Amino acid sequence: MQTNFSDLEYAGKKKQTRRERFLAQLQAVTPWAQLEAALAPFYPAGKGPGRPPLGLSRMLRMYVAQQCFGLSDEGIEDAVYDSHAIRCFIGIDLAREAAPDATTLLKFRRLLEDQGLSRVIFETIRDHLARQGLLLREGTLVDATLIAAPPSTKNRDRARDPDMHQAKKGNQWHFGMKAHIGVDLDSGLVHTVLTTPANVNDVTQAHALLHGQETDALGDAGYQGVAKRPENRDTPVTWHVALRPGVRRALPDDALGRLQERIEQVKASLRAKVEHPFHIIKNLFKHRKARYRGLAKNQAQLFTLFGLANVVIAGWRLRARHTLRAS
Numbered sequence: 001m002q003t004n005f006s007d008l009e010y011a012g013k014k015k016q017t018r019r020e021r022f023l024a025q026l027q028a029v030t031p032w033a034q035l036e037a038a039l040a041p042f043y044p045a046g047k048g049p050g051r052p053p054l055g056l057s058r059m060l061r062m063y064v065a066q067q068c069f070g071l072s073d074e075g076i077e078d079a080v081y082d083s084h085a086i087r088c089f090i091g092i093d094l095a096r097e098a099a100p101d102a103t104t105l106l107k108f109r110r111l112l113e114d115q116g117l118s119r120v121i122f123e124t125i126r127d128h129l130a131r132q133g134l135l136l137r138e139g140t141l142v143d144a145t146l147i148a149a150p151p152s153t154k155n156r157d158r159a160r161d162p163d164m165h166q167a168k169k170g171n172q173w174h175f176g177m178k179a180h181i182g183v184d185l186d187s188g189l190v191h192t193v194l195t196t197p198a199n200v201n202d203v204t205q206a207h208a209l210l211h212g213q214e215t216d217a218l219g220d221a222g223y224q225g226v227a228k229r230p231e232n233r234d235t236p237v238t239w240h241v242a243l244r245p246g247v248r249r250a251l252p253d254d255a256l257g258r259l260q261e262r263i264e265q266v267k268a269s270l271r272a273k274v275e276h277p278f279h280i281i282k283n284l285f286k287h288r289k290a291r292y293r294g295l296a297k298n299q300a301q302l303f304t305l306f307g308l309a310n311v312v313i314a315g316w317r318l319r320a321r322h323t324l325r326a327s
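Quick note: the sequence shown uses full-length UniProt numbering, first residue 1, plus one each step.
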């Protein structure tokens with residue numbers, strides 16, 4: 001992209017915004033070449049009649065920016081015109097070309113959904129980070145989070161989404177779905193993602209969150225009894241599951257009870273890493289509610305979101321390594 005006076009003025013400003021720092025990290029850590037190579041066989045070549053498609057590189061970056069900032073198709077189109085940082089990240093020069101419109105991005109997202117390419121994005125990022133030595137595979141943390149869906153029936157079908165269900169957490173009912181993840185014990189990177197309706201018990205999905213190479217797995221109290229389930233009896237994994245809150249509160253105030261309490265604290269400190277991807281998805285990427293009807297579309301989006309969450313976590317770890325080397 002050719003530099004103009006606006007670019008020079010922008011580059012000369014004294015402060016770098018949080019958005020710029022985030023996009024710079026995203027640009028540096030994301031394996032763009034591998035992603036484009038994986039998606040290229042499915043992307044239109046533009047050899048037929050009609051307007052040629054926009055380049056895959058720009059469409060992929062526009063889609064990534066949309067997911068990271070929690071924007072609609074129209075919202076990211078407007079953001080391209082409003083934000084110099086986003087334009088530079090995508091590689092668009094408005095002096096010479098128009099930004100891709102919302103309909104073009106919608107078609108690209110549907111291509112990813114129809115061809116199962118969101119999973120490819122997630123797996124390509126995961127495998128790239130594993131080759132960088134960030135995924136050790138010796139232990140897995142398992143957990144799930146509720147993602148709300150619209151409970152209203154004021155829609156075309158006059159019905160709630162049939163793929164979603166309600167579940168009770170504490171004293172409150174929630175309607176929606178669950179995102180279940182398996183996270184590497186050492187790095188905190190997500191290696192497995194699956195979705196279910198909200199009423200599916202976490203423990204029933206535990207076996208599907210293991211990659212098969214770990215020796216230990218940790219879960220919260222919702223996974224009590226996981227080792228006794230038929231699908232897990234022959235799995236060579238040692239499960240470390242938290243005590244239920246009532247049992248933990250009833251621990252005796254003696255040497256054995258204090259030892260058990262200390263063990264629970266260690267389990268909790270190890271399990272804390274599994275909350276980081278959920279924090280990124282819900283707070284940084286602003287994905288607190290299901291965007292689409294049906295589990296398939298929402299799962300496709302979650303593959304992309306957790307893949308990008310891995311990029312963010314990897315950026316944290318790489319910065320920490322650089323700081324240690326510099327000190």
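Backbone N, C-alpha and C define an ideal beta-carbon position, used for all residues, glycine too. What you are looking at is a predicted structure, and each value in this text was computed from that prediction instead of being measured.
Name the residue from the options whose alpha carbon lies nearest to the alpha carbon of residue i.
i: residue 222; options: 245, 211 and 233; result: 245
i: residue 198; options: 255, 145, 243 and 214; result: 145
i: residue 56; options: 76, 71 and 35; result: 35
i: residue 117; options: 296, 276 and 209; result: 296
i: residue 163; options: 24, 294 and 22; result: 294
i: residue 29; options: 298, 285 and 132; result: 132
i: residue 140; options: 15, 264 and 240; result: 240
i: residue 265; options: 220, 225 and 304; result: 220
i: residue 112; options: 284, 60 and 202; result: 60
Using only the alpha-carbon positions, how far apart do residue i and residue j sit?
i: residue 310; j: residue 121; result: 11 Å
i: residue 82; j: residue 17; result: 15 Å
i: residue 41; j: residue 58; result: 16 Å
i: residue 5; j: residue 64; result: Residue placement at residue 5 is flagged as unreliable, the pLDDT there being 48, under the threshold of 50; a coordinate-derived value is accordingly withheld.
i: residue 233; j: residue 155; result: 45 Å
i: residue 80; j: residue 103; result: 14 Å
i: residue 258; j: residue 248; result: 11 Å
i: residue 253; j: residue 261; result: 10 Å
i: residue 192; j: residue 31; result: 19 Å
i: residue 20; j: residue 84; result: 9 Å
i: residue 218; j: residue 100; result: 44 Å
i: residue 317; j: residue 130; result: 13 Å
i: residue 308; j: residue 256; result: 43 Å
i: residue 315; j: residue 279; result: 15 Å
i: residue 208; j: residue 281; result: 21 Å
i: residue 214; j: residue 189; result: 14 Å
i: residue 312; j: residue 305; result: 11 Å
i: residue 350; j: residue 225; result: An answer regarding residue 350 cannot be provided, because it is not within the stretch 1 to 327 covered by the chain.
i: residue 159; j: residue 69; result: 30 Å
i: residue 205; j: residue 298; result: 18 Å
Measure the CB-CB distance between residue i and residue j and report whether it falls below 9 Å.
i: residue 227; j: residue 271; result: no
i: residue 196; j: residue 180; result: yes
i: residue 216; j: residue 235; result: no
i: residue 67; j: residue 301; result: yes
i: residue 108; j: residue 62; result: yes
i: residue 73; j: residue 106; result: yes
i: residue 143; j: residue 275; result: yes
List the DSSP bridge partners of residue i.
i: residue 98; result: DSSP, once it has assigned bridges, lists no residue as partnering residue 98.
i: residue 289; result: 148
i: residue 128; result: Residue 128 pairs with nothing; no bridge assigned.
i: residue 177; result: 147 and 197
i: residue 238; result: 216
i: residue 27; result: None; residue 27 has no bridge partner.
i: residue 167; result: 174
Determine, using beta-carbon pairs with one atom in the segment 120–138 and one in the segment 182–190, whether at least three such pairs fall under 8 Å.
yes
How about the segment 104–123 and the segment 161–176: do they share at least three Cβ pairs that are nearer than 8 Å?
no
Is the segment 283–293 in contact with the segment 146–162, if contact means three or more CB pairs nearer than 8 Å?
yes
Are the segment 83–95 and the segment 260–276 in contact at 8 Å, needing three or more beta carbon pairs?
no
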